[in-house]
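With my numbering as the guide, the letters of the sequence shown map in order to residues 30 to 124.
Every residue gets a Cβ at the ideal spot worked out from N, C-alpha and C, and that includes glycine.
Fair warning: this is a prediction, and the values are worked out from it, not measured in the lab.
These notes concern the structure reproduced below.
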Amino acid sequence: MLLIGMIFFIIVSGNNIFGILDNVGLKFLGEISYSIYLSHGLVLFLVFTQFSLLSLKDLNIYYYICLLPMIFTLVYIFSIATYTYIEKPFLYKSK
Numbered sequence: 030m031l032l033i034g035m036i037f038f039i040i041v042s043g044n045n046i047f048g049i050l051d052n053v054g055l056k057f058l059g060e061i062s063y064s065i066y067l068s069h070g071l072v073l074f075l076v077f078t079q080f081s082l083l084s085l086k087d088l089n090i091y092y093y094i095c096l097l098p099m100i101f102t103l104v105y106i107f108s109i110a111t112y113t114y115i116e117k118p119f120l121y122k123s124k
């Protein structure tokens, strides 16, 4: 627990962790993180209902592992779209 507190303190103090936190891709991921949070459930629901995968216990682990990159990609694309066309315009209007 002490180690986690020390890491948190280092980050809060303005350290960028060897430039990792200055990465453009990570900054963009941070901007769309709320859209990811809101849309991942919808995408998961649609994927599992369209592929009739509601029963995860019957899935072969290899099939599930192959399905994960597709789900991540769909969530990412859908989140970019919702951020660009819904969230960003409302952010500009609120300023």
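Should I61 go down as buried or exposed, given a rule of 16 or more other Cβ atoms within 10 Å for buried?
To locate residue 61, count along the sequence shown from 1; it is residue 32. Per the 10 Å Cβ criterion, buried.
Expressed to the nearest angstrom, what Euclidean distance is found between the alpha-carbon atoms of C95 and Y112?
Here residue 95 refers to the residue found at position 66 of the sequence shown. Here residue 112 refers to the residue found at position 83 of the sequence shown. When rounded, the distance between both Cα atoms is 27 Å.
On the criterion of 16 or more Cβ atoms from any shown chain inside 10 Å, does S42 qualify as buried, or is it exposed?
Counting from 1 along the sequence shown, the entry for residue 42 is found at position 13. Residue environment for S42: exposed (fewer than 16 other C-beta atoms within 10 angstroms of its C-beta).
Provide the residue span of the alpha helix (DSSP H) that contains F80, from first to last.
Numbered from its first residue, the sequence shown carries residue 80 at position 51. Taken as a continuous stretch (DSSP letters only), F80 belongs to no alpha helix (DSSP H), as it is neither H nor E.
Would L71 and F101 qualify as a contact pair, given that the criterion is a beta-carbon distance under 9 Å?
Within the sequence shown, numbered from 1, the residue matching residue 71 stands at position 42. Within the sequence shown, numbered from 1, the residue matching residue 101 stands at position 72. Result no, Cβ atoms of L71 and F101 do not sit closer than 9 Å.
Tell me the DSSP secondary structure of I36 in three-state form.
Taking the first residue of the sequence shown as position 1, residue 36 is located at position 7. I36 falls in the helix class under three-state DSSP.
Spatial neighbours of H69 within its chain, please: C-beta separation below 7 Å, excluding the five flanking residues on both sides.
Indexing the sequence shown from 1 puts residue 69 at position 40. If we look at H69 and ignore the five residues flanking it on each side, its Cβ neighbours are V104.
Within the segment 59-123, note down every full alpha helix (DSSP H) run reaching 4 residues or more, in order along the chain.
As far as the segment 59-123 is concerned, its whole alpha helix (DSSP H) runs of at least 4 residues are 62-79, 90-111, 117-123.
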